[in-house]
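What follows is a set of notes on a single structure, which appears directly below.
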Amino acid sequence: MVQSGVGYPMVGFHFRVEFALSSASYDMQFRDVSGLSMELDEESVTEGGENRFIQRLPKRAKYPDLVLKRGMLQDSELREWCRAAIQEMDIQPVTVWVILLNEQHEPLQTYTFINAWPKRWQLSDLNAESSAVVIETLELAYQYFTVN
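Each residue of the sequence shown is one higher than the last, beginning at 0 in numbering that gives the first Met the number 0.
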């Protein structure tokens, strides 16, 4: 018997997002998640007498913003959280989980974002000549993330 997910690459279209903010599942459905990366910042140090190279030393990890996109909902606790943070400076950091799922909707890998807070909220352009869904984009800053 082949274990699910073993030996096969994970797919990027089967995922869910959860916030330690709202229990409403309709408020956690996103079509696009980006910003899942990490890198080490570095410091360049020149040594006296060494002209062949510059020492490059690791400093600390840095993480880009987490960007979530979805069709705009009429009533959203998540959007209210963003509005309160941006308009009223009522910033309440929360934990956010991005979970990759297998074909049985079971977690394969979980990305846990610590102390996430809304940095930007954006609405797609409105166009009377298009029948497109209105897309809202949430950009979240956070301290760091872990992979489980």
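Note that CB positions come from ideal geometry on N, CA and C, so glycine has one too. Note that the structure is a prediction, hence the values are computed from the model and not measured.
Residue span of the alpha helix (DSSP H) that contains residue i, given as start and end
i	result
residue 100	Not the alpha helix (DSSP H): residue 100 falls in the beta strand (DSSP E), residues 93-100.
residue 56	From DSSP, residue 56 is part of no alpha helix (DSSP H) but of the beta strand (DSSP E) over 54-61.
Residue i, buried or exposed, once every other Cβ within 10 Å from all chains shown has been counted against 16
i	result
residue 57	exposed
residue 31	exposed
residue 133	exposed
residue 59	exposed
Residue span of the beta strand (DSSP E) that contains residue i, given as start and end
i	result
residue 39	38-44
residue 24	Residue 24 -> no beta strand (DSSP E), and no H or E assigned at all.
residue 69	65-70
residue 31	31-33
residue 12	Counting along the chain, residue 12 falls outside any beta strand (DSSP E), and DSSP gives it neither H nor E.
residue 143	143-146
Three-state class that DSSP yields for residue i in the structure shown
i	result
residue 79	helix
residue 49	coil
residue 17	strand
Separation of residue j from residue i, as counted between CA atoms
i	j	result
residue 54	residue 39	15 Å
residue 102	residue 89	39 Å
residue 121	residue 7	36 Å
residue 28	residue 61	27 Å
residue 108	residue 141	19 Å
residue 67	residue 80	14 Å
residue 135	residue 72	9 Å
residue 87	residue 118	13 Å
residue 24	residue 111	18 Å
residue 10	residue 41	32 Å
residue 84	residue 116	8 Å
residue 37	residue 63	7 Å
residue 13	residue 96	14 Å
task: Starting from the N-terminal side, write out each stretch of the beta strand (DSSP E) that is 3 residues or longer and does not extend beyond the stretch 105-135.
output: Taking only runs of at least 3 residues, the beta strand (DSSP E) segments lying wholly in the stretch 105-135 are 106-122.
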